[in-house]
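>
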Amino acid sequence: MPPAATEASGSAGNGETAAGVSSERDEEGQGGGGAVEELPSWELCKVGKGVAAADYIPCLDNVKAVKALKSLRHMEHRERHCPTDPRPRCLVPLPERYRRPVPWPRSRDMIWYNNVPHPKLVEYKKDQNWVRKSGNYFVFPGGGTQFKNGVASYIKFIEQILPNIQWGIHTRTVLDVGCGVASFGGYLLDRNVITMSVAPKDEHEAQIQFALERGIPAFLAVIGTQKLPFPDNSFDVIHCARCRVHWYADGGKPLLELNRVLRPGGYYIWSATPVYRKNPRDIDDWNAVVALTKSICWRTVFRVQVKGIVGPSRGLKDLILSTRLHLTILPFSFLKKKLILIQVIGRTLFQKYISTNLQLIGLVFAMLWT
Ligand SMILES: C[S@@+](CC[C@H](N)C(=O)[O-])C[C@H]1O[C@@H](n2cnc3c(N)ncnc32)[C@H](O)[C@@H]1O
1 MPPAATEASG SAGNGETAAG VSSERDEEGQ GGGGAVEELP SWELCKVGKG VAAADYIPCL
61 DNVKAVKALK SLRHMEHRER HCPTDPRPRC LVPLPERYRR PVPWPRSRDM IWYNNVPHPK
121 LVEYKKDQNW VRKSGNYFVF PGGGTQFKNG VASYIKFIEQ ILPNIQWGIH TRTVLDVGCG
181 VASFGGYLLD RNVITMSVAP KDEHEAQIQF ALERGIPAFL AVIGTQKLPF PDNSFDVIHC
241 ARCRVHWYAD GGKPLLELNR VLRPGGYYIW SATPVYRKNP RDIDDWNAVV ALTKSICWRT
301 VFRVQVKGIV GPSRGLKDLI LSTRLHLTIL PFSFLKKKLI LIQVIGRTLF QKYISTNLQL
361 IGLVFAMLWT
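Counting with full-length UniProt numbering, you get residues 1 to 370 for the letters of the sequence shown.
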């Protein structure tokens with residue numbers, strides 16, 4: 001398999017020539033006579049100095065740009081920074097002993113170790129069942145921070161508490177913010193839901209590469225630094241399970257960006273600690289998020305805590321989830337009062353929902369913990 005070419009990475013060529021190419025093209029680049037254009041020779045991207053040019057995400061690991069950052073407050077150092085001139089132009093080598101990826105659907109559960117040779121996450125998330133090493137493979141048992149006992153039961157549980165979510169029917173597109181190794185998105189494919197999973201590079205290092213090797217759509221970004229690369233109203237559901245985004249920071253900018261890409265009538269599912277923890281910081285976080293969502297006319301339709309036995313036995317701690325239930329149903333008249341603000345932010349579909357007297361518009365806060 002040939003290496004991949006890049007014109008804009010954080011790494012630089014090391015003088016090793018991988019391929020020298022020249023060809024003949026006509027003016028329209030069709031070939032067959034005319035001017036002879038000499039194409040540049042390509043070099044292998046440099047490996048080392050903090051740059052692992054093996055599993056490659058363009059513009060990541062731009063050491064120079066990261067050093068020059070004025071602030072790291074929003075995790076700017078964990079996102080992509082494309083180099084300006086001179087832009088490196090090199091071929092990215094595949095990792096040693098790389099093999100053709102395991103085909104879908106098996107790849108959801110296992111990938112070749114040598115294709116993404118980063119064992120750190122195995123240790124780091126051992127107790128949360130994200131990923132294990134087994135012989136020549138990484139194996140993904142479907143665990144996560146919020147669903148140690150398996151994401152399948154977590155997905156089912158969400159539909160049980162809010163049947164209107166109707167995975168694959170009412171809900172077809174999901175954005176999973178802070179996705180980890182993207183098991184949530186991987187399992188939703190079984191339910192005919194397409195999920196775009198997103199996470200920054202962080203101490204888990206290779207989470208996005210794992211997701212991509214598994215064949216699950218994913219991209220690398222930090223929420224809260226810049227606009228997301230999606231048009232307005234793109235997703236039926238936005239999901240954040242312990243995704244560590246400070247939603248109300250900077251006057252609520254991160255949540256407002258989600259509001260932009262969430263379809264009117266869609267749901268925001270937030271599985272997070274401030275919901276159930278009683279320390280002052282969590283209580284403050286909870287109150288701030290509630291105030292912010294209210295101010296943009298979102299409504300909490302469920303607040304749930306889970307207790308019970310879910311999923312296969314993997315040690316006592318993993319078996320315990322707690323549950324409590326609280327439901328808010330909004331009267332139509334209340335929603336109507338908010339129409340002006342809704343018009344200001346141009347949510348026309350939302351208005352249509354209102355005009356058809358749909359009484360249950362809002363969002364789910366599904367609060368789970370283990
Ligand atoms: C505790 S893990 C949870 C992963 C997964 N949702 C689960 O439940 O297993 C936190 C995740 O949030 C991501 N994250 C942290 N800060 C973020 C930010 N500002 N924007 C997007 N993702 C972020 C981390 O990279 C990581 O994937």
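For glycine and all other residues, C-beta sits at the position ideal for the given N, C-alpha and C.
Compare the beta carbon distance of residue 200 and residue 222 with 8 Å and say whether it is the shorter of the two.
Here residue 200 corresponds to residue number 200 of the sequence shown, with the count starting at 1. Here residue 222 corresponds to residue number 222 of the sequence shown, with the count starting at 1. Closer than 8 Å, so yes.
> Quick one: is residue 293 buried, meaning 16 or more other Cβ sit within 10 Å of its Cβ, or exposed?
Taking the first residue of the sequence shown as 1, we reach residue 293 at position 293. Buried.
> Could you say which of 92, 122, 263, 152 lies nearest to residue 56 if we only look at CA atoms?
As a first step, residue 56 is located in the sequence shown; it is residue number 56 there, counting from the start. Closest option to residue 56, Cα to Cα, is 92.
> CA-CA distance, residue 248 and residue 42?
Translated into positions along the sequence shown, residue 248 becomes position 248. Translated into positions along the sequence shown, residue 42 becomes position 42. Taking the straight line joining both Cα atoms gives about 46 Å.
> Going by the beta-carbon positions, is the gap between residue 155 and residue 189 smaller than 8 Å?
Here residue 155 refers to the residue found at position 155 when the sequence shown is read from its first residue. Here residue 189 refers to the residue found at position 189 when the sequence shown is read from its first residue. Cβ distance not < 8 Å, so residue 155 and residue 189 don't count as in contact.
> Please list, in chain order, all residues of the same chain as residue 212 whose beta carbon is under 7 Å from its beta carbon, the five residues on each side excluded.
The residue given as residue 212 occupies position 212 in the sequence shown. So the list reads 218, once near-sequence residues are dropped.
> Quick check on the DSSP output: the beta strand (DSSP E) that includes residue 286 runs from which residue to which?
Counting from one through the sequence shown, the residue named residue 286 turns up at place 286. Careful: residue 286 lies outside any beta strand (DSSP E), inside the alpha helix (DSSP H) at 280-295.
> How many Å lie between residue 224 and residue 144 at the Cα?
Reading the sequence shown from its first residue, position 224 is the one you call residue 224. Reading the sequence shown from its first residue, position 144 is the one you call residue 144. Whole-angstrom Cα-Cα distance: 23 Å.
> Residues bridged to residue 196 by DSSP?
The sequence position of residue 196 within the sequence shown is 196, counting from 1. 175, per the DSSP bridge assignment.
> So, residue 236 versus residue 171, is the Cβ gap smaller than 8 Å?
Taking the first residue of the sequence shown as position 1, residue 236 is located at position 236. Taking the first residue of the sequence shown as position 1, residue 171 is located at position 171. In contact: residue 236 and residue 171 (Cβ atoms closer than 8 Å).
> Kindly indicate the opening and closing residues of the beta strand (DSSP E) around residue 263.
Residue numbering aside, residue 263 sits at position 263 when the sequence shown is read from its first letter. From DSSP, the beta strand (DSSP E) with residue 263 extends over 262-271.
> Can you look up residue 154 in the DSSP assignment and give me helix, strand or coil?
Within the sequence shown, residue 154 is the residue found at index 154, counting from 1. DSSP places residue 154 in helix when its eight states are reduced to three.
> To the nearest angstrom, report how far apart residue 191 and residue 151 are at their CA atoms.
To locate residue 191, count along the sequence shown from 1; it is residue 191. To locate residue 151, count along the sequence shown from 1; it is residue 151. About 13 Å.
> Among residues of its own chain, excluding the 5 on either side of residue 116, which ones have a beta-carbon nearer than 8 Å to its beta-carbon?
For the purposes of this step, residue 116 is taken as residue 116 along the sequence shown, with counting starting at 1. 55, 95, 138, 206, 209, 210, 213, listed in sequence order.
> Hey, how far is the Cα of residue 324 from the Cα of residue 303?
One-based indexing of the sequence shown puts residue 324 at position 324. One-based indexing of the sequence shown puts residue 303 at position 303. Confidence in residue 324 is poor, its pLDDT being 25 and thus under 50, which makes the residue's placement unreliable; the coordinate value appears in the next sentence. If you take the alpha carbons of residue 324 and residue 303, they lie about 8 Å apart.
> In whole angstroms, what is the alpha-carbon distance linking residue 176 and residue 69?
Residue numbering aside, residue 176 sits at position 176 when the sequence shown is read from its first letter. Residue numbering aside, residue 69 sits at position 69 when the sequence shown is read from its first letter. For residue 176 and residue 69, the distance between alpha carbons rounds to 27 Å.
> Use the C-beta contact count for residue 271: other C-beta atoms within 10 angstroms, 16 or more gives buried, fewer gives exposed.
Position 271 of the sequence shown, counted from the first residue, corresponds to residue 271. Per the 10 Å Cβ criterion, buried.
> Using 7 Å as the cut-off, classify the Cβ of residue 36 as near or not near the heavy atoms of ligand 1, replying yes or no.
In the sequence shown, counting from the first residue as 1, residue 36 sits at position 36. No, ligand 1 has no heavy atom inside 7 Å of this Cβ.
> Under 8 Å Cβ to Cβ from residue 114, same chain only, skipping five residues before and after it: list those, please.
Taking the sequence shown and counting its residues from 1, one reaches residue 114 at position 114. Excluding residues within five positions, the ones whose Cβ falls inside 8 Å are 95, 96, 97, 98, 99, 136.
> Going by C-alpha to C-alpha distance, which of 260, 58, 78 sits closest to residue 89?
Translated into positions along the sequence shown, residue 89 becomes position 89. Minimum Cα distance to residue 89 is reached at 58.
> Less than 7 Å separating the Cβ of residue 93 from some heavy atom of ligand 1?
For the purposes of this step, residue 93 is identified with residue 93 of the sequence shown, where counting begins at 1. No - ligand 1 has no heavy atom lying nearer than 7 Å to the Cβ of residue 93.
> With a CB to CB cut of under 7 Å and the five nearest residues on each side skipped, what residues in its chain are close to residue 285?
The count along the sequence shown starts at 1 and reaches residue 285 at position 285. Excluding residues within five positions, the ones whose Cβ falls inside 7 Å are 274.
> Looking at residue 371 and ligand 1, is the gap between the Cβ and the nearest heavy atom below 7 Å?
With the chain covering only 1 through 370, there is no way to say anything about residue 371.
> Is residue 75 a contact residue of ligand 1, with contact defined as CB to any heavy atom under 7 Å?
Here residue 75 refers to the residue found at position 75 of the sequence shown. Yes - ligand 1 has a heavy atom lying nearer than 7 Å to the Cβ of residue 75.
> Counting along the chain, where does the beta strand (DSSP E) carrying residue 162 start and finish?
Position 162 of the sequence shown holds residue 162. Neither: residue 162 is in no beta strand (DSSP E) and is coded neither H nor E.
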